Amino acid sequence: MTVSSSTNDLANSATLSVQSTKSTTVTNSTLGSAGQVIPDLICFSHLRWNFVYQRPQHLLSRAAKNYRVWFLEEPMWSDTLHMSVSKQTDRITVLVPHLPHGTSPEEAIRLQRQLLDEFIARETIRSFVAWYYTPMAMLFSDHLQPSLTVYDCMDELSAFWGAPPQLLQKEKQLMQQADVVFTGGYSLYEAKQNRHPHVFAFPSSIDFTHFSSARKPQPDPVDQRQLATPRIGFSGVIDERFDYKLMGELAERRPDWQFVLLGPIVKIDPALLPHQPNVHYLGMKSYKDLPMYFSNWNVAMLPFALNESTRFISPTKTPEYLAAGLPVVSTPIRDVIRTYGSKELVEIADNAEAFEKSIERMLAKKSSNWQTVDSFLKENSWDHTWNEMNRLMMAQLSVVVDQ
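Using our numbering, read the sequence shown as starting at 1321 and increasing by one per residue.
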């Protein structure tokens, strides 16, 4: 895992190395400044825990080794005011504020603050890490006094369709309050590095053991079992970042190829999506089942549109596809080019014709040299990423680490 915290570091990203691969871990808690124990981490998320399994779930599942993790989601409408509590594991609990129907925006903020304070008092939480994915949570949490504030900026949310008008102002406030800022890729790092003294790039990592199981024969899932081959697959959220025009043109050009799309369709009119007979929308799949799907594909693709919402993305699926033993073709997303294309780990194509030619080459290849791919992936595990993040967090608390 590479960590960037200065312009010079980023310019030499090909040779970046983490200063230390060790991490100080205290079972069930982490020591903060002056030796106090920090047993809890409260995460403020715009994504739901049981939505697509991605960066928050990967990191916070590992954070649970160091902290009790409380994952606070965005509110839902209900008949009564309450906070629902759902334990995912002994160390991870999902919290959802339920607000009465008809609550005004101003009252919604006050009620979320009330529910949050009641929860903290009920659990007698005193020393904790405040971990933010959404700056909008500052509306009801800026009065808290955490031992450490972390902003894990996984996306440029202000560039997404339907972004709240206050988001940029709230992010500015969060950047002022945060002790450390992590970014989900190098492009985001470049955008944030001059706005905070402690910004570090942590691009998408990989659970190699999980996805490499796809390299061995796996049962073909029922909903794709009847599909012919070759199969070209995509797994992820199908939203404004998905290049549906590219997908439609590819399907038209190659009716003999089957395009398998896994993931929920959100924030985009389904009527805009291509619906040729060889395009198959199989819906969202559980994280544990993805290797079975990947094992029965021939090529994986990243058909992202080039727009404001994709300018800073670092797709988690890139290393997952590679770990599964799939050749990958992607549109020219900056972080994909920088991290994978420049090392010739994936092919880059900027239009349907180039995409088709890349896939043809991949289908014709009898074998690939996966040694370079595997060496790269094994150095970029989610375990290693979390350990480095926690080391940097503890450094911010003036703990002597690895002395």
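Note that beta-carbon positions come from the ideal geometry of N, C-alpha and C, so glycine has one too. None of these values were measured; they are calculated from a predicted model.
Just how far apart, CA to CA, sit residue i and residue j?
{"i": "I1526", "j": "G1645", "result": "13 Å"}
{"i": "D1563", "j": "V1649", "result": "14 Å"}
{"i": "P1652", "j": "Y1641", "result": "17 Å"}
{"i": "Y1453", "j": "L1683", "result": "39 Å"}
{"i": "S1678", "j": "D1655", "result": "19 Å"}
{"i": "Q1465", "j": "K1490", "result": "17 Å"}
{"i": "K1512", "j": "D1576", "result": "45 Å"}
{"i": "W1369", "j": "V1416", "result": "10 Å"}
{"i": "H1530", "j": "R1430", "result": "42 Å"}
{"i": "I1668", "j": "A1674", "result": "8 Å"}
{"i": "S1406", "j": "T1630", "result": "33 Å"}
{"i": "R1442", "j": "M1458", "result": "21 Å"}
{"i": "A1498", "j": "L1592", "result": "40 Å"}
{"i": "K1685", "j": "E1676", "result": "14 Å"}
{"i": "D1703", "j": "L1626", "result": "31 Å"}
{"i": "L1581", "j": "G1603", "result": "7 Å"}
{"i": "N1618", "j": "E1680", "result": "11 Å"}
{"i": "L1570", "j": "H1600", "result": "13 Å"}
{"i": "W1390", "j": "T1469", "result": "14 Å"}
{"i": "V1693", "j": "N1700", "result": "11 Å"}
{"i": "V1586", "j": "F1624", "result": "15 Å"}
{"i": "I1633", "j": "N1710", "result": "23 Å"}
{"i": "E1394", "j": "K1492", "result": "20 Å"}
{"i": "P1598", "j": "L1665", "result": "The residue asked about is misnamed: residue 1598 is Asn in this sequence, not Pro. If you take the alpha carbons of N1598 and L1665, they lie about 27 Å apart."}
{"i": "M1621", "j": "L1419", "result": "40 Å"}
Pick out whichever of the options has its Cα sitting closest to the Cα of residue i.
{"i": "Q1432", "options": "F1579, I1633, H1463 and T1409", "result": "H1463"}
{"i": "E1426", "options": "F1460, P1523, L1436 and I1679", "result": "F1460"}
{"i": "Q1408", "options": "Q1493, R1388 and G1568", "result": "R1388"}
{"i": "N1386", "options": "I1358, P1485 and S1555", "result": "I1358"}
{"i": "Y1471", "options": "L1436, H1366 and A1669", "result": "H1366"}
{"i": "R1658", "options": "A1620, P1623, F1579 and P1523", "result": "P1523"}
{"i": "T1444", "options": "D1360, K1492, P1635 and P1584", "result": "D1360"}
{"i": "F1528", "options": "M1474, T1630 and P1639", "result": "P1639"}
{"i": "T1636", "options": "D1670, M1567, F1554 and E1628", "result": "F1554"}
{"i": "D1437", "options": "D1543, R1375 and I1362", "result": "I1362"}
{"i": "V1372", "options": "M1458, L1610, F1439 and F1448", "result": "L1610"}
{"i": "M1456", "options": "A1428, R1573, V1580 and D1670", "result": "A1428"}
{"i": "I1558", "options": "P1484, P1584 and F1448", "result": "P1584"}
{"i": "M1714", "options": "S1467, G1661 and E1572", "result": "S1467"}
{"i": "Q1716", "options": "N1598, P1517 and Q1538", "result": "P1517"}
Going by DSSP, what residues sit across from residue i in a beta bridge?
{"i": "D1472", "result": "F1502"}
{"i": "V1649", "result": "M1621 and E1667"}
{"i": "R1388", "result": "D1360"}
{"i": "V1599", "result": "F1579"}
{"i": "S1701", "result": "I1526"}
So the beta strand (DSSP E) residue i belongs to, where does it begin and stop?
{"i": "K1605", "result": "Unbroken run through K1605: none, as it is neither H nor E."}
Under 8 Å, Cβ to Cβ, is there at least one residue of chain C near residue i?
{"i": "R1574", "result": "The structure shown contains no chain C, having only a single protein chain."}
The alpha helix (DSSP H) that contains residue i, what's its start and end?
{"i": "A1644", "result": "Neither: A1644 is in no alpha helix (DSSP H) and is coded neither H nor E."}
{"i": "K1677", "result": "A1672 to A1684"}
{"i": "E1491", "result": "L1487 to Q1497"}
{"i": "F1614", "result": "L1610 to S1615"}
{"i": "L1380", "result": "R1375 to A1383"}
Length at least 4, wholly inside the segment 1507-1595: the alpha helix (DSSP H) runs in chain order: 1528-1532, 1542-1545 and 1564-1573
Could you name each continuous beta strand (DSSP E) segment of 3 residues or more that falls completely within the segment 1391-1463, going from the start of the chain to the end? 1396-1398, 1402-1407, 1412-1420 and 1448-1452
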